[in-house]
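Report on one structure; see the data block that follows.
In mature numbering (1 follows the signal peptide of the UniProt record, and there is no 0), the protein residues as written are -21 to -1, 1 to 70.
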């Protein structure tokens, strides 16, 4: 009697998750889909094997005639020019 009493709620919970669990994930997928008319393709840069125009790094020499605080810039790895392409990153 006790086993049957414990088994019935377990089966009800199992059946409810199996019935409604799939529909919830399907609704989430349908809600997140973007219509083709609203999709945007961004084209940043052509894939080339050369660096962008006016490429400069923080480790490049700076004109000493100005009074700038450059502490820590030698170790900072950043670029301040154009968008990189896939092939530029390997250079």
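Just so it is clear, CB atoms sit at the ideal spot from N, CA and C, and this is done for glycine as well. Please read these numbers as outputs of a predicted model, since none were measured by experiment.
{"Check": "Return helix, strand or coil for residue -16, following the three-state DSSP convention.", "Outcome": "helix"}
{"Check": "Compute the Euclidean distance between the alpha carbons of residue 29 and residue 50, then round it to the nearest angstrom.", "Outcome": "30 Å"}
{"Check": "Whole angstroms is fine: what's the gap from residue 16's alpha carbon to residue 27's?", "Outcome": "30 Å"}
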